[in-house]
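Report on the following structure.
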Amino acid sequence: MNPPQIVQEFTALAEPERIVITAADTFFIATTFHGDAANFVRGVDVSHRGGKPGFVRIDPDGTLTIPDFAGNLHFNTIGNLLLDPHTGLLFLDFNRGDLLYLTGTAEVIWDSEAIQAFAGAERLIRFQTIQGYRVERSLPLQWSAPDYSPFLDRTGAWTEAV
Numbered sequence: 067m068n069p070p071q072i073v074q075e076f077t078a079l080a081e082p083e084r085i086v087i088t089a090a091d092t093f094f095i096a097t098t099f100h101g102d103a104a105n106f107v108r109g110v111d112v113s114h115r116g117g118k119p120g121f122v123r124i125d126p127d128g129t130l131t132i133p134d135f136a137g138n139l140h141f142n143t144i145g146n147l148l149l150d151p152h153t154g155l156l157f158l159d160f161n162r163g164d165l166l167y168l169t170g171t172a173e174v175i176w177d178s179e180a181i182q183a184f185a186g187a188e189r190l191i192r193f194q195t196i197q198g199y200r201v202e203r204s205l206p207l208q209w210s211a212p213d214y215s216p217f218l219d220r221t222g223a224w225t226e227a228v
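Quick note, the sequence shown lines up with residues 67 to 228 if you use our numbering.
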């Protein structure tokens, strides 16, 4: 197997990145928290987000719109975003073994018609890419076809929300 290699560094999403994102049924979101500076309480939280393939929408301006579904009710990601919008996203292309790294800023949308239109969404997260990397052959594992959770039946898709 050839070693991983950065194929593309970018500040705007091109077609290869859009294909990975619109096909994704899962990704990871990294946020930061800044607590008590005197006691060096700060860190990073990484959380999984998932939905039906295509649950992440790419808007015409390149912004990603992501439904936020009911979770563990800890609101770590949402709380962190309210205090610091700097965010990292990681999308995995399980078929090709490629990884898509995005850094940017995110905001939480609490009230929007789109929330009501997307079944199961309680909020939306809007993410604007500042920089990204697409790395080929970076995931050295092979995957079988997924068995989707029966809970996905309770969630919508952007094609249904339009």
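Every residue gets a Cβ at the ideal spot worked out from N, C-alpha and C, and that includes glycine.
Assigned secondary structure, residue i (DSSP; H/G/I helix, E/B strand, else coil)
i           : result
residue 84  : helix
residue 108 : strand
residue 96  : strand
residue 203 : coil
CB contact flag (residue i, residue j, <9 Å)
i           : j           : result
residue 156 : residue 211 : no
residue 76  : residue 197 : yes
residue 126 : residue 222 : no
Rounded Cβ spacing between residue i and residue j (contact assumed at less than 8 Å)
i           : j           : result
residue 203 : residue 82  : Between residue 82 and residue 203 the Cβ distance is about 14 Å, and since that is not below 8 Å, they are no contact.
residue 145 : residue 169 : No, residue 145 and residue 169 are not in contact; Cβ-Cβ is about 20 Å, not under 8 Å.
residue 117 : residue 159 : Contact doesn't hold; Cβ gap of about 17 Å is too wide.
residue 87  : residue 124 : 6 Å
residue 111 : residue 143 : 6 Å
residue 181 : residue 189 : 7 Å
Alpha-carbon to alpha-carbon, residue j and residue i
i           : j           : result
residue 185 : residue 93  : 19 Å
residue 187 : residue 129 : 18 Å
residue 89  : residue 80  : 14 Å
residue 165 : residue 152 : 20 Å
residue 195 : residue 172 : 9 Å
residue 85  : residue 162 : 12 Å
residue 119 : residue 216 : 14 Å
residue 73  : residue 207 : 19 Å
residue 147 : residue 220 : 26 Å
residue 131 : residue 107 : 31 Å
Which full runs of the beta strand (DSSP E) of 3+ residues lie inside the region 112-194, going along the chain? 130-135, 152-159 and 164-175
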